[in-house]
Amino acid sequence: MNVTCLVGRATAEPKARETAGGTKYATLRLAVPRGRGETDFFTVEFWGKLATVAHAHVSKGTILTVRCELRQQTWQAAGERRERLALVARSLGVVRGIIDDIADAGDENDLPGEHIAA
């Protein structure tokens with residue numbers, strides 16, 4: 006199974022793009038806190054309708070949940086084979102109001118919803 010789930014903040018608005026064949030896609034940098042004050046930054050690709058949704062609903066600072074798959078991409082550049090791993094989004098969730106809910110709650114144990122142990 007090839008599934009990666011990320012929760013983080015958009016570092017900027019998604020960059021809308023289009024392939025030579027007319028397929029719409031967007032890229033987005035996502036800041037994902039690792040804990041202990043450390044943050045990882047990932048570039049996520051959104052294709053087709055998901056790119057349109059991301060472009061319409063995501064701005065800098067938006068908290069997102071993204072379910073992705075890892076894809077190995079290969080190409081030729083200057084006669085040499087290049088490759089990279091890409092995070093390709095399969096679903097996107099925009100988290101709204103979470104900061105206000107946490108600020109008003111006072112105690113994290115009083116928060117509604119699911120609690121996940123670390």
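My numbering puts the first residue of the sequence shown at 6, with every later residue one more than the last. Note that the Cβ used here is the ideal one computed from N, Cα and C, for glycine as well.
Segment limits, beta strand (DSSP E) that includes residue i
i: valine 63; result: From DSSP, valine 63 is part of no beta strand (DSSP E); its letter is neither H nor E.
i: glycine 13; result: 9-15
i: proline 38; result: 29-40
i: glutamate 88; result: 85-100
Coarse secondary structure for residue i, derived from DSSP in three states
i: threonine 79; result: strand
i: valine 124; result: The structure shown does not extend to residue 124, since the chain is modelled only from 6 to 123, so the question has no answer here.
i: threonine 57; result: helix
i: glycine 26; result: coil
Proximity below 8 Å, CB of residue i to CB of residue j
i: leucine 33; j: cysteine 73; result: no
i: leucine 69; j: valine 99; result: yes
6 Å CB neighbourhood of residue i in its chain, flanking five on each side removed
i: glycine 13; result: Leu35, Ala36 and Val37
Same chain, Cβ closer than 8 Å to residue i, five either side skipped, listed in chain order
i: arginine 89; result: Gln77 and Gln78
Residues bridged to residue i [DSSP beta-bridge criterion]
i: glutamate 43; result: Gly40
i: glutamate 50; result: Thr32 and Val93
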